[in-house]
Structure formats: structure tokens, C-alpha cells
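J.:
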Amino acid sequence: MLDSFQLKRLGVVDAVSELASVADSVGARSVAARVRDSIVQKLRDDRFNLVVVGEFNHGKTTLVNALLGANVLPVGVTPTTAVIHEISWGDTPSARTEYDSGEVKEVPFDQVRFFALGNPAPEPDPGPVRALLVRYPAPLLRDHVNLVDTPGVND
905 MLDSFQLKRL GVVDAVSELA SVADSVGARS VAARVRDSIV QKLRDDRFNL
955 VVVGEFNHGK TTLVNALLGA NVLPVGVTPT TAVIHEISWG DTPSARTEYD
1005 SGEVKEVPFD QVRFFALGNP APEPDPGPVR ALLVRYPAPL LRDHVNLVDT
1055 PGVND
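Its first residue numbered 905, the sequence shown is counted upward by one per residue in this note's numbering.
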């Protein structure tokens, strides 16, 4: 299934790249540059986002950990996911917090388990956390796949 997605994505990249070449040939150099620098690059960098949504405490994070092949995110018998967790490919495990203010801070990877309900905010607290951004070397993530674990929809 993902192979089909990647092939179609590459086909669109080729078609849009050809459009940029046509724009160059008719003298629309600024349009061609914008297409190459913005649209084509975004398409090349595009990710397949697999978002896991459901009621709290119904195994969303357990499923994400199974897809990753390791217990990367915290799980428990009570609801644990306090913020959105976005997991993407990284050569080594790492984590960052993104705050509602737009500020982003590095977090030691072993602190990921503290982004669960009931845990105090890290010091100093720059405000509400929008998401925990995790990089992890799981094979599934290597092919432009992002996993998104969400808090319970009725939380």
C-alpha cells in the first residue's frame, strides 16, 4: 500500500517538475523557480501521516508502540497520552516539545515518558505544550511515514 502511495507521489513530483520546465521554456522564470523551490520541494518532503484516533484508554499508544517495534511512548491502565505525539524517522531517538507559543525545546529522549497525564510540567514551564515531536529509527518511519498518537477523543 505504501509503495503505491510513494509511486503516485513521485509521479506527481515528475509532472509538477515538467510544469516548471514548461514555464522556463516560455520565459516565466519566476513561476518556474517558485514551482521548483516551493511546490516540488514540498512534494518531495511530503509524509504519509498515519493518525491514531479513538476513545481514551483503548490501546492507541499500544498500537503505535507495536508499529514502532518498541515501547517508545508511555502506556498505562489509566489514560496517559496528554498531548499529541508526532513520531517520524530519525537516525537516533530524540524528542522536542512544541509549545502553543510556537517555541520548540529539545527534550532528553528518556523524558518522553513524562509527557503523560498527571505529570508536572518541566521547569521552566513556557506554557501549554501543543505536541511532543519524537524522532525514532523504526523501519516503518523510514519511508516518509509519520505516526501521530492522539489523546482520547472524549478526554
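Backbone N, C-alpha and C fix where the C-beta goes; we use that ideal spot for every residue, glycine too.
This one's a predicted model, so the numbers in the text were calculated from it and none came from an experiment.
Taking the straight line between their C-alpha atoms, what separation do you get for serine 908 and tyrosine 1040?
T.: Distance between the alpha carbons of serine 908 and tyrosine 1040: 24 Å.
J.: For arginine 1034 and glutamine 945, I'd like the C-alpha separation in whole angstroms.
T.: Straight-line Cα distance between these residues: approximately 26 Å.
J.: Taking only three categories from DSSP, how would you classify phenylalanine 934?
T.: The sequence given here places serine at residue 934; phenylalanine does not occur at that position. Helix, per DSSP.
J.: When the Cα atoms are used, what is the spatial distance from glycine 915 to valine 1011?
T.: Looking at the two C-alpha atoms, the distance is approximately 38 Å.
J.: Drop a sphere of 10 angstroms on the beta-carbon of leucine 1045, count the other beta-carbons inside from all chains shown, and report buried for 16 or more, exposed for fewer.
T.: Buried: at least 16 other Cβ atoms inside 10 Å.
J.: What is the rounded straight-line gap between the Cα of threonine 996 and the Cα of glycine 973?
T.: If you take the alpha carbons of threonine 996 and glycine 973, they lie about 15 Å apart.
J.: Could you check which residue in Ser942, Ala937, Val955 has the C-alpha nearest to that of proline 1055?
T.: For proline 1055, the nearest C-alpha among the options comes from Val955.
J.: Apart from the five residues on each side of it in sequence, which residues of its chain come closer than 7 Å, Cβ to Cβ, to leucine 923?
T.: Cβ within range, chain order: Val939.
J.: Looking at the secondary structure, which residues open and close the alpha helix (DSSP H) in which arginine 1034 lies?
T.: It is not in any alpha helix (DSSP H) - arginine 1034 instead sits in the beta strand (DSSP E) that spans 1033-1040.
J.: Using C-beta distances below 7 Å, list every residue in its chain close to asparagine 953, excluding the 5 sequence neighbours before and after it, in chain order.
T.: Cβ within range, chain order: Asn1050, Val1052.
J.: Taking only the alpha-carbon atoms, compute the straight-line gap between valine 1008 and arginine 1000 and give it to the nearest angstrom.
T.: When rounded, the distance between both Cα atoms is 7 Å.
J.: Which full runs of the beta strand (DSSP E) of 3+ residues lie inside the stretch 934-979, going along the chain?
T.: Correct list: 952-956.
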